[in-house]
Amino acid sequence: MREEDDNFKVPIVLPSDHHVVKSLILYKHQELGHPGVQSLMVALRENYWILKSRRTIKKIIKTCIICQRFSVKQPEIPEGTLPEDRVKNVSIFEVIGVDVAGPLIIKESKKVWILIITCAVYRAVHLELLMSLSTENFILALRRFIARRGRPSIIYSDNGTNFIRMDNSLKTINLRRLGTSFTPITCKFIPPAAPWWGGFWERLIGLLKRILRKDIRNSVTADLDKIRSADKKELNKRLIYRKRLMSDLLIRFRNEYLSQLYQRSTIRTQVYKPKIGDIVLLWKENLKRIHWQLGRILSIYASKGGIVRRARIKTKSGIVIRPIRKLCPLELDGESLITNEDEVPDTPGDPETQDVPESNTVTTRAGRQARPPSRYCP
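Following full-length UniProt numbering, the numbering of the sequence shown begins with 1 at its first residue and continues without gaps.
In structure tokens, the structure reads:
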């Protein structure tokens, strides 16, 4: 029986800081199917008595890659301030965000898309119809928008191929050779797999779909042309009165609306501070955790507020750029966890770390100081 087992009656006492003991704990952890701290400690005490066993086992389990794949969580990133392009005093549609919604099925079984162009400051919306997703159709739609609303100076978009090719086409234009004094249009792209970076236009796509389901429904392209014609007619009426209204709206917009956007919640939990060389999991919605790719951080990029929000990752399939919210850090230690009051470097590089001496005081789970046994002789 169990009481007659000599190893159970008089277990072997082992130190907690020896590499053989750590290998034994890791071996038992893998042999028993990756159990938790309590189950593994019970199994080891059948034959061994490891000093400071709970703390040692917990530390060893944290180094198990398979367990971390299923237990690691996405890091919390503190909210930043509003970008300068969203609060500065500019004309309407001078700073815009673009995206494509669709496809919509029209008569003759054809597909069309809707190009959404929204003002980043005043939230005005302009719609254009796209017969295809080619770069040529997008440039033509942008030309129609400029002819009606004016020329923008900054365009925000995601990493769609038509948007990137349009940016490459604009860079090939030599304005000096053409003899024009126009300032070139600046295109800014959000990081891949980070749609929340374009939240000020992504939210409008949901509103647009809801309106289309209720009002337009089975309309064809001719009906959309009528809507655009009616919109143009309304905009051309009472220009002087409209300019005065826009001036008054600008003052109230900044005083009553933009001031409310600065309110944001404070993260009370610990914030992950990425470092160059950290091993991370690339979070993906449609894949199980066991199939997530492993990667190593090559460089980090901080925003103007000093918060690291994206990183350059090396994986087995290549080098990618991902936001910090989609990176699950592995092998975390005390140097990789900071509070939101700590500073973050503005430029990529290894953050400065300090060695914190480990306290010799042992406490119980209830927070009381643990006393060694009276007969214990170290």
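Glycine residues also receive a C-beta, built at the ideal position from the N, C-alpha and C atoms.
Which residue's Cα is closest to the Cα of residue i: the options?
{"i": "L129", "options": "R143, I50 and V308", "result": "R143"}
{"i": "P323", "options": "R371, V121, Y272 and S317", "result": "Y272"}
{"i": "L281", "options": "R312, R252, R123 and V72", "result": "V72"}
{"i": "V90", "options": "A302, L249, E256 and L32", "result": "L249"}
{"i": "S247", "options": "Y27, Y122 and V112", "result": "Y122"}
{"i": "G150", "options": "P329, I92, I106 and A101", "result": "I92"}
{"i": "K326", "options": "W292, G318 and K316", "result": "W292"}
{"i": "W196", "options": "D99, N286, P15 and R210", "result": "D99"}
{"i": "G206", "options": "I114, I321 and L330", "result": "I114"}
{"i": "K304", "options": "R203, K209 and G80", "result": "G80"}
{"i": "C64", "options": "V87, M41, D85 and Q30", "result": "Q30"}
{"i": "V320", "options": "P191, L204 and C119", "result": "P191"}
{"i": "residue 389", "options": "I139, A120, M41 and G318", "result": "Shown here, the chain extends from 1 to 378; a query on residue 389 therefore has no answer."}
{"i": "R371", "options": "I139, K52 and M41", "result": "K52"}
{"i": "E285", "options": "A311, C328 and I106", "result": "C328"}
Compute the Euclidean distance between the alpha carbons of residue i and residue j, then round it to the nearest angstrom.
{"i": "T183", "j": "I290", "result": "50 Å"}
{"i": "F189", "j": "G97", "result": "10 Å"}
{"i": "Y48", "j": "P35", "result": "17 Å"}
{"i": "D278", "j": "D158", "result": "27 Å"}
{"i": "M131", "j": "N137", "result": "7 Å"}
{"i": "S134", "j": "G199", "result": "24 Å"}
{"i": "I338", "j": "A141", "result": "With a pLDDT of only 41 at I338, under 50, the local geometry of the prediction cannot be trusted, and the value read off the model is given with reservation. Whole-angstrom Cα-Cα distance: 47 Å."}
{"i": "K288", "j": "T161", "result": "28 Å"}
{"i": "P345", "j": "L212", "result": "Low local confidence applies: a pLDDT of 40 at P345 is under 50, so the model's placement there is unreliable, and no value is given."}
{"i": "K316", "j": "R165", "result": "28 Å"}
{"i": "W201", "j": "E256", "result": "21 Å"}
{"i": "A101", "j": "K28", "result": "54 Å"}
{"i": "L82", "j": "L14", "result": "56 Å"}
{"i": "P75", "j": "L330", "result": "11 Å"}
{"i": "F253", "j": "F70", "result": "47 Å"}
{"i": "residue 415", "j": "I251", "result": "With the chain covering 1 to 378 only, the question about residue 415 has no answer from this structure."}
{"i": "P274", "j": "S23", "result": "28 Å"}
{"i": "L204", "j": "A302", "result": "28 Å"}
Let me confirm a value: residue i is counted as buried when at least 16 other C-beta atoms fall within 10 Å, else exposed. Which label applies?
{"i": "A147", "result": "exposed"}
{"i": "A124", "result": "exposed"}
{"i": "L245", "result": "exposed"}
{"i": "W283", "result": "buried"}
{"i": "D17", "result": "exposed"}
{"i": "R309", "result": "buried"}
{"i": "H19", "result": "exposed"}
{"i": "Q68", "result": "buried"}
Identify, in the order they occur along the chain, each residue of the same chain with its Cβ nearer than 7 Å to the Cβ of residue i, setting aside the five sequence neighbours on each side.
{"i": "F145", "result": "I117, H126 and E128"}
{"i": "K314", "result": "G295, R296 and L298"}
{"i": "L167", "result": "Note that residue 167 is Asp in the sequence shown here, rather than Leu. Result list for D167: C187, in chain order."}
{"i": "M41", "result": "S53, R54 and I57"}
{"i": "I66", "result": "H34"}
Measure the beta-carbon distance from residue i to residue j and round it to whole angstroms, keeping in mind my assumption that it falls under 8 Å.
{"i": "I50", "j": "V21", "result": "6 Å"}
{"i": "I300", "j": "I276", "result": "7 Å"}
{"i": "L104", "j": "V95", "result": "At roughly 28 Å, the Cβ-Cβ gap does not stay under 8 Å, so L104 and V95 are not in contact."}
{"i": "A43", "j": "L32", "result": "6 Å"}
Kindly list the residues whose CB is nearer than 8 Å to the CB of residue i, restricted to its own chain and excluding five residues on each side of it in sequence; keep chain order.
{"i": "V37", "result": "R54, I57, K58 and I61"}
{"i": "I185", "result": "R151, P152, S153, I154, I155 and L170"}
{"i": "S39", "result": "L32"}
{"i": "I139", "result": "M166 and S169"}
{"i": "I173", "result": "P184"}
Excluding five sequence neighbours on each side, which residues of the same chain lie with their C-beta closer than 6 Å to the C-beta of residue i?
{"i": "A194", "result": "P323"}
{"i": "A311", "result": "P274, I297 and I300"}
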